[in-house]
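I have placed the structure first, in the form of structure tokens, so that the comments after it can refer back to it.
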Amino acid sequence: MVSAPALRRRRRRRVADENRKRAPRACDRCKARKSKCIESVAGACQRCSSHNLPCRFERGKSPQDATETPSSPQATNQRASVHVGASPEENIAIDSHQTERILWPRFLSRLREAFSLDPQTAPEEQDMVAMQAHITRPTVLLPAELSRLRTAIDTFPPKPVADFLLWVCMKHAVDIFFYFDQAQLLADFDHFYADPTSHLRSDSSFVCLAMAALALGSQWTSLERPEGSMLGPNQEEGDPGRVFYSQAKTLIPDIIDKPCLRAIQAPFILGVYLMPASAIGSSYVYMGLALRKALACDLHQNTDDQTLDEREREIRRRLWWSIYSLERCTTVKLNRPRSINADIITVPLPSAMPSIDGEQVFDNVQHQIAYAKLIRILDRVAEPGDWLTDATKPTRSASAEAELRQWKKNLPQEFKLENIHPRDSSYRAVFHLYLNYYYSWIAIGKVSLVTVARAKLRYHLGRESQQLQVDETVEQLSKACAKAGRKLLQLFEKLTSTRNITRFSFTDFQGCSIATIVTLVAGILESDSAYETRVAFGLDCLRNMAAGNMTAKMGVRFVEALQSITNEAIEKLNQASPLGTGPTAEEATSANEYNQWAEWLAKQEGAQRGDLGMALGGSLVTEPVVPIPQTEMWPISQQNGSGIAGWDPTGRELLTPVSLVPQLGQAEPAMARQTPVVDNDFISAMYNDEQTFLMGLTGLDVLDFSGFSTQLE
Numbered sequence: 016m017v018s019a020p021a022l023r024r025r026r027r028r029r030v031a032d033e034n035r036k037r038a039p040r041a042c043d044r045c046k047a048r049k050s051k052c053i054e055s056v057a058g059a060c061q062r063c064s065s066h067n068l069p070c071r072f073e074r075g076k077s078p079q080d081a082t083e084t085p086s087s088p089q090a091t092n093q094r095a096s097v098h099v100g101a102s103p104e105e106n107i108a109i110d111s112h113q114t115e116r117i118l119w120p121r122f123l124s125r126l127r128e129a130f131s132l133d134p135q136t137a138p139e140e141q142d143m144v145a146m147q148a149h150i151t152r153p154t155v156l157l158p159a160e161l162s163r164l165r166t167a168i169d170t171f172p173p174k175p176v177a178d179f180l181l182w183v184c185m186k187h188a189v190d191i192f193f194y195f196d197q198a199q200l201l202a203d204f205d206h207f208y209a210d211p212t213s214h215l216r217s218d219s220s221f222v223c224l225a226m227a228a229l230a231l232g233s234q235w236t237s238l239e240r241p242e243g244s245m246l247g248p249n250q251e252e253g254d255p256g257r258v259f260y261s262q263a264k265t266l267i268p269d270i271i272d273k274p275c276l277r278a279i280q281a282p283f284i285l286g287v288y289l290m291p292a293s294a295i296g297s298s299y300v301y302m303g304l305a306l307r308k309a310l311a312c313d314l315h316q317n318t319d320d321q322t323l324d325e326r327e328r329e330i331r332r333r334l335w336w337s338i339y340s341l342e343r344c345t346t347v348k349l350n351r352p353r354s355i356n357a358d359i360i361t362v363p364l365p366s367a368m369p370s371i372d373g374e375q376v377f378d379n380v381q382h383q384i385a386y387a388k389l390i391r392i393l394d395r396v397a398e399p400g401d402w403l404t405d406a407t408k409p410t411r412s413a414s415a416e417a418e419l420r421q422w423k424k425n426l427p428q429e430f431k432l433e434n435i436h437p438r439d440s441s442y443r444a445v446f447h448l449y450l451n452y453y454y455s456w457i458a459i460g461k462v463s464l465v466t467v468a469r470a471k472l473r474y475h476l477g478r479e480s481q482q483l484q485v486d487e488t489v490e491q492l493s494k495a496c497a498k499a500g501r502k503l504l505q506l507f508e509k510l511t512s513t514r515n516i517t518r519f520s521f522t523d524f525q526g527c528s529i530a531t532i533v534t535l536v537a538g539i540l541e542s543d544s545a546y547e548t549r550v551a552f553g554l555d556c557l558r559n560m561a562a563g564n565m566t567a568k569m570g571v572r573f574v575e576a577l578q579s580i581t582n583e584a585i586e587k588l589n590q591a592s593p594l595g596t597g598p599t600a601e602e603a604t605s606a607n608e609y610n611q612w613a614e615w616l617a618k619q620e621g622a623q624r625g626d627l628g629m630a631l632g633g634s635l636v637t638e639p640v641v642p643i644p645q646t647e648m649w650p651i652s653q654q655n656g657s658g659i660a661g662w663d664p665t666g667r668e669l670l671t672p673v674s675l676v677p678q679l680g681q682a683e684p685a686m687a688r689q690t691p692v693v694d695n696d697f698i699s700a701m702y703n704d705e706q707t708f709l710m711g712l713t714g715l716d717v718l719d720f721s722g723f724s725t726q727l728e
């Protein structure tokens, strides 16, 4: 039996601390990385402190350590601040530094083993450890950063208003994506409002994320407006989220180099918020920023970092697939170049996790999974290339069609619109899954549809002596594309009848637009008795969704211009064809919560106008804007004789169709007077690319006429 003196001698350190190569103890993070852990008096190691990461020591200090480094009250407070208030998102280890990212100690150990060398570390490795421990990031805010942060904090609404907007955001705006851990964000808001000294008040990434979430929630408040409630000034025509967006964008420079999830989530949500007004401008830039930051933080890789628990890994997975899927879907719809190669993605798809899902206001993990799978299919079928030349190879189209049908077959049983209550958060989420499903069919058959239509026109109008022989595969794809357009419009009938259409949805507007355009082109080939009704319904939907958005109104004019072209083509076709095959004429939130939001918004807008008036010396003159009553803006559709849901005529905007595309940029004076002044950030023309944006916004880019000049000559 070993005596007590012998045990004490064995435990006694034989090397002084200042001469030791290994630290007395190491935190969990340094231990996993096999890095030297240099502990500070605050109770956190230098590496974790410099990277703003939580620092946990599995083994407590020995009595000898305690006597050597007594803790002062200040050190105790600093130590507590390291552990208290750390949210699950803050606990996620993200460090963009290259040496941390590749876990170089583990790599060097494996390299020594591969070369059959001894496992001891070389002097160069010890030098790297010392150098890495002294890498620091500034923790004190600069005066300009502090000023921007305080200004943004002063813009926070009262707690009841913030709670309402967050609830609306989670109920309606989350949709099929993962923006943030909903339960954690609600807890952070409670802490922010309850504690004036909260560490969140000095965190620009949290404030920027909060402002982005409030701005996005503001766009969807119309779905929660009770009948007879009061309206704020210009609330129907303007964008109520601008007060929050204007503050969030000022904080982007302060968070762009922060290695944390919030710095990824904030630009992602801002990109979603800006899509209705500037999908190819500001939104495209913010979305790209979020994607690049996610790549820099390795969210796209299946990391082997042992310091991440399963919850943290799952949050990273969900955030990555939401950012990637939406960015890739938008890229396809706007006909933009691919940002990254999908082959570099190694992280698996999201999966259900009760510890996370049970805490969410809207548990949409199954929607996220279904959407990510669909976008992977859409990405393949919409790859740059010509489906026309591939039409002689039916294997490609057959494979794509089989994938889409299998995706739809694998949807959960509860993902049927007729089985979902219209006020349920899942209703619009499932609607968007089907919208993108039919959009994928259009992407497959887009070229075939236009090819068949052009072939028919060229023959019957005398441009060709004999009718072009169209491949059977092309004919089938053309019919599938036209059918998908009809199915899309039927989806919008359901959305209209349940009052689930809002103004601020790029996905809705673009989907309805491309469905209407496909219907117009398909009308050249064949027009049934409901053709005119379908087109009228599609245009009415677009006009109602375009309320308050000049860019969207220009998009409506664009579709109307295309209608005049197809009508002219059909008329000439009828004149050239003796037998004539042309068409024949045929749960809401309480009113109190909403009113608090509307009242607060009215005060904010009044204060802003007052400040602007003083700045301009009282010379500002604002013309009154007459708001559209709710019953006219969102009327319950009625079934007409053809069985197609239509808009109440009193809710329609009287827009005169035009026949020439160059006239699209000329807004009528009456329309200009009825449209509120918009900030330059909301005008795609700031990039001198409004024509490109109109093509993408309306979905006309999907048809891509550019390659047809040489196809049939």
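Each residue of the sequence shown is one higher than the last, beginning at 16 in my numbering.
Heads up, the beta-carbon is just placed ideally off N, CA and C, and yes, glycines get one too.
As DSSP reads the structure, E54 sits in a beta bridge with C60. Beyond the five residues adjoining it in sequence on each side, D523 comes within less than 7 Å, by CB distance, of I516 and M560 in the same chain, given in chain order. Nearest to A387 by alpha-carbon distance, out of R443, V362 and G303, is V362. Membership of I355 in any alpha helix (DSSP H) is not indicated, and neither H nor E is assigned to it by DSSP. In terms of Cα proximity to P437, the closest of H214, K618, K186 and A567 is K186. Only residues of its own chain outside the window of five on either side were considered, and among them R331 and W335 have a CB closer than 6 Å to the CB of L314, listed in chain order. As the crow flies, the alpha-carbon of L164 is around 15 Å from that of A278. Closest option to A227, judged by alpha-carbon separation, among G563, T345, G286 and P369: G286. Relative to the Cα of S463, the nearest Cα in the group Y453, A495 and E433 belongs to A495. In the three-state DSSP reduction, P274 falls in the coil class, being neither helix nor strand.
Here I585 carries a helix assignment [DSSP, helix/strand/coil].
The residues P282, in chain order, have a CB closer than 6 Å to that of L304 in the same chain once the five nearest residues on each side in sequence are set aside. Around L476, the same chain offers K587, L588 and A591 as residues with beta carbons nearer than 8 Å, after the five sequence neighbours per side are excluded.
With fewer than 16 other beta carbons inside 10 angstroms of its own, K431 counts as exposed.
A direct Cα-to-Cα measurement between A497 and G256 gives close to 37 Å. Cβ neighbours of W422 within its own chain (closer than 8 Å, five residues either side excluded): A385, K388, L389, I392 and Y452. With distances taken between CA atoms, R473 lies nearest to A584 out of D210, G232 and A584. One Cα belongs to V222, the other to H214, and the distance between them is close to 11 Å.
Shown here, D394 sits in a helix according to DSSP, grouped into three states. Taking the CA atoms as reference points, V155 sits about 33 Å from Y339.
The C-alpha of L540 is placed about 36 Å away from the C-alpha of I191. Cβ-Cβ distances below 7 Å link A230 to G256, F259, Y260, A263 and Y288 in the same chain, with the five nearest sequence neighbours on each side left out; the list follows chain order. E329 and M368 do touch by the CB rule: their CB atoms are close to 5 Å apart, below 8 Å. Between V396 and I459, the C-beta gap is smaller than 8 Å, which places the two residues in contact.
Non-local beta-carbon contacts of T265 in its own chain, meaning distances under 6 Å to residues more than five positions away in sequence, involve R163 in chain order.
Under the three-state reduction of DSSP, N610 is assigned to helix. Secondary structure note for C344: its alpha helix (DSSP H) is the uninterrupted segment E325 to K348. P172 is positioned such that its CB atom lies no closer than 8 Å to that of N564. Contact check for Q505 against V550 fails: the beta carbons are separated by 8 Å or more.
Within the model, the alpha-carbon separation for A537 versus T581 is close to 9 Å. Under the DSSP assignment, L450 falls in the alpha helix (DSSP H) whose first and last residues are S440 to H475. Here F193 has R333, L334, S337 and Q383 as same chain residues with Cβ atoms under 7 Å from its own Cβ, once five neighbours each way along the sequence are excluded. Taking a C-beta distance under 8 Å as the contact criterion, Q375 and A198 qualify as a contact pair. Look at Y194 here: in three-state DSSP terms it is coil, with no helix or strand label.
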